[in-house]
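In my numbering, the protein residues as written are 183 to 356. What follows is a single structure, written as structure tokens, with notes after it.
Written out as structure tokens, the structure reads:
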């Protein structure tokens with residue numbers, strides 16, 4: 183009976199991740215959007231992925247010091263980190279942090295605090311000074327630390343290779 187409940191919890195939590203994963207954050211008010219200071223990637227890089235229940239997971243590094251298991255989500259406009267990850271890093275979320283609307287599947291709207299992290303890294307690809315949303319979107323799956331969203335992925339040519347189990351990131355040609 184207990185394993186049956188655990189299975190349902192995992193399934194429901196995965197569904198919650200998918201619901202948030204298909205969401206987007208409302209754009210920042212005019213004049214307040216801040217581009218990352220720097221995108222760092224000189225040559226193509228790869229990093230391993232895992233696929234579990236149709237979720238693609240990758241290990242990322244936040245602020246060059248904290249590993250994070252992230253859902254790779256091309257449908258999410260912004261990267262999201264969990265409060266638990268930020269607590270492990272001793273990164274406070276100020277009560278007066280700017281908030282953005284998060285649109286989830288089904289039309290529900292919630293507001294999430296926005297903070298900046300010094301860097302997000304996947305393989306050798308780094309985006310510095312990235313605005314991220316803070317949301318506990320999968321409380322029953324505490325091993326998931328966030329969603330790696332379009333604000334990171336769109337800065338590279340990103341390819342998910344399920345057969346090789348790799349996320350390939352290449353510099354964009356400008």
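Idealized CB from N, CA, C, for every residue including glycine.
Exercise for the section: Within 10 angstroms of the Cβ of residue 260, are there 16 or more other Cβ atoms? Answer buried if so, exposed if not. Expected result: The residue given as residue 260 occupies position 78 in the chain shown. With 16 or more other Cβ atoms within 10 Å, it is buried.
Exercise for the section: Just grab the DSSP bridge partners of residue 303 for me. Expected result: Here residue 303 refers to the residue found at position 121 of the chain shown. Its beta-bridge partners are 243, 308.
Practice task
With DSSP as the reference, please indicate the residues paired to residue 297 in a beta bridge.
Solution key: Within the chain shown, the letter at position 115 stands for residue 297. 314, per the DSSP bridge assignment.
Practice task
Run the CB neighbour count on residue 354, radius 10 Å, all protein chains shown included, and call it buried at 16 or more, exposed below.
Solution key: Counting from 1 along the chain shown, the entry for residue 354 is found at position 172. Exposed, since its Cβ has fewer than 16 Cβ neighbours within 10 Å.
Handout entry: Beta-carbon gap between residue 299 and residue 263 smaller than 9 Å
Key = Taking the chain shown and counting its residues from 1, the one referred to as residue 299 is at position 117. Taking the chain shown and counting its residues from 1, the one referred to as residue 263 is at position 81. Yes. Within cutoff.
Handout entry: Three-pair Cβ contact test at 8 Å for the region 295 to 310 versus the region 221 to 230
Key = yes
Practice task
Tell me, please, which residues DSSP counts as bridged to residue 267.
Solution key: Position 85 of the chain shown, counting from 1, holds the residue named residue 267. DSSP lists no partner for residue 267.
Exercise for the section: Report the residue from 314, 286, 281 whose alpha carbon sits nearest the alpha carbon of residue 295. Expected result: In the chain shown, the residue the question calls residue 295 occupies position 113. That would be 281, whose Cα lies nearest to the Cα of residue 295.
Exercise for the section: May I ask you to verify whether the region 283 to 292 touches the region 230 to 237, counting CB pairs closer than 8 Å and requiring at least 3? Expected result: no
Practice task
Report the option in 247, 244, 245, 240 whose CA atom is closest to the CA atom of residue 253.
Solution key: As a first step, residue 253 must be located in the chain shown, where it is residue number 71. It is 240.
Problem - Option in 347, 345, 339 with minimal Cα separation from residue 170 - result: No answer is possible for residue 170: it lies beyond the span of the chain, which begins at 183 and ends at 356.
Problem - Close Cβ partners of residue 315 (< 7 Å) along its chain, the five nearest in sequence each way excluded - result: Numbered from its first residue, the chain shown carries residue 315 at position 133. Excluding positions up to five away in sequence, the list reads 207, 260, 262, 282, 284, 294, 296.
Problem - Candidates 321, 318, 328, of which the one nearest residue 243 by Cα - result: Residue mapping note: residue 243 aligns to position 61 of the chain shown, counting from 1. The shortest Cα separation from residue 243 among 321, 318, 328 belongs to 328.
Exercise for the section: Spatial neighbours of residue 343 within its chain, please: CB distance less than 7 Å, with the 5 preceding and 5 following residues excluded, ordered by chain position. Expected result: As a first step, residue 343 is located in the chain shown; it is residue number 161 there, counting from the start. Excluding positions up to five away in sequence, the list reads 350.
Handout entry: Contained alpha helix (DSSP H) runs [length at least 4] in the region 317 to 347, N- to C-terminal order
Key = 332 to 335
Problem - Beta-carbon contacts of residue 317 that lie in its chain and below 6 Å, excluding the five residues immediately before and after - result: Sequence index remark: in the chain shown, residue 317 carries index 135 (1-based). Counting only Cβ-Cβ distances below 6 Å, and skipping sequence neighbours, we find 262, 294.
Problem - Span separating the alpha-carbon of residue 357 from that of residue 238 - result: Because residue 357 is not part of the residues shown, which for the chain are 183 to 356, the question remains open.
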